[in-house]
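Below is one structure, written out as structure tokens; the observations come after it.
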């Protein structure tokens, strides 16, 4: 075996090792990418399911339910592409396709969940933020057309306004029932100010008028509590009357 042939064999062996190493690296990178994709899709799917299941019924419409179902179907189909033998995914995809086929008749089983506390309001706001992220991501990936994505982003903002209206209204009504008109006035005032700051205040003109009436009612109750009754006697009112009488007597004397 000549030195040249030996050299060629060594070079070929080195090249083969490099190719094998490169292919192994490609395979490993592919596995890592598939694993990363599975984790990401599973997380997005979990968040989408959480929105669908826990979103308050008073804000959930058939159109919104249909959108969330479509988003969930898309994520399941993409997850199945990297996990082809997952029977649970196949069953869920068939179920979602059946719901989508119902169109606007898709069942909305979310129970109403009144917004009575700031904690509950924040929970729903976080769901709306998650929904916004889902729509934005779906548009970036080409699943939702830009006009449709813009429509739903606007709708999400509208639901956020409705959330605030319900929160301030419930907060004020609770305060009135507890005999706390001052707290009620504060809640209704916050609601009125919030609606007046909206980019399209005319859209919420009816709700604004309603909150303004409640604000006036609460304010009247506060003023009633501040004004003593005619037959009410205490040290303060008696003292004021005494001061008025002394002032009148001095005025008569010096006049």
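Residue numbers (the numbering used here): 245 to 499.
Using N, Cα and C, we set each Cβ at its ideal position, and we do this for glycine too.
Please confirm if the stretch 343 to 359 is in contact with the stretch 308 to 323, defined as three or more CB-CB distances below 8 Å between the two stretches. yes
Just confirm the distance between the C-beta atoms of residue 315 and residue 378, as a whole number of angstroms; I'd bet it's less than 8 Å. Reading the chain shown from its first residue, position 71 is the one you call residue 315. Reading the chain shown from its first residue, position 134 is the one you call residue 378. Their Cβ separation, rounded to whole angstroms, is 6 Å, which keeps residue 315 and residue 378 in contact under 8 Å.
Within the chosen definition, does the stretch 389 to 396 reach the stretch 288 to 305 through at least 3 CB pairs nearer than 8 Å? no
Work out the CA separation of residue 396 and residue 301 for me, nearest whole Å. If you number the chain shown from 1, residue 301 lands on position 57. If you number the chain shown from 1, residue 396 lands on position 152. Spanning the two alpha carbons is a distance of roughly 18 Å.
Own chain, CB closer than 6 Å to residue 420, minus 5 neighbours either side, in chain order: Here residue 420 refers to the residue found at position 176 of the chain shown. Hits under 6 Å: 428.
Answer yes or no: do residue 426 and residue 412 have a C-beta to C-beta separation smaller than 8 Å? To locate residue 426, count along the chain shown from 1; it is residue 182. To locate residue 412, count along the chain shown from 1; it is residue 168. Their beta carbons are not under 8 Å apart, which means residue 426 does not touch residue 412 by this criterion.
As a quick exercise: from 326, 345 and 368, pick the residue whose alpha carbon is nearest that of residue 408. The residue you call residue 408 lines up with position 164 of the chain shown. Per the Cα distances, 368.
Let me make sure I understand the geometry here. Which of 317, 259 and 257 has the alpha-carbon closest to that of residue 382? Translated into the one-based positions of the chain shown, residue 382 becomes position 138. Of 317, 259 and 257, the residue nearest in Cα terms is 317.
Cα-Cα, which of 360, 469, 461 and 453 is closest to residue 418? Counting from one through the chain shown, the residue named residue 418 turns up at place 174. Nearest option by C-alpha distance: 360.
Output the distance between the C-alpha atoms of residue 440 and residue 344, rounded to the nearest integer angstrom. What you label residue 440 is simply residue 196 of the chain shown in a count that begins at 1. What you label residue 344 is simply residue 100 of the chain shown in a count that begins at 1. Each residue's Cα considered, the two are about 38 Å apart.
Could you check which residue in 384, 444 and 366 has the C-alpha nearest to that of residue 410? For the purposes of this step, residue 410 is identified with residue 166 of the chain shown, where counting begins at 1. The candidate whose alpha carbon is nearest that of residue 410 is 366.
Report all residues from its chain with a CB closer than 8 Å to the CB of residue 469; omit the five preceding and five following residues, and keep chain order. What you label residue 469 is simply residue 225 of the chain shown in a count that begins at 1. If we look at residue 469 and ignore the five residues flanking it on each side, its Cβ neighbours are 425.
From this set, 258, 445 and 454, which residue's C-alpha is nearest residue 402's C-alpha? To locate residue 402, count along the chain shown from 1; it is residue 158. The candidate whose alpha carbon is nearest that of residue 402 is 445.
How many Å lie between residue 246 and residue 263 at the Cα? Position 2 of the chain shown, counted from the start, is the residue given in the question as residue 246. Position 19 of the chain shown, counted from the start, is the residue given in the question as residue 263. Their Cα atoms are separated by approximately 26 Å.
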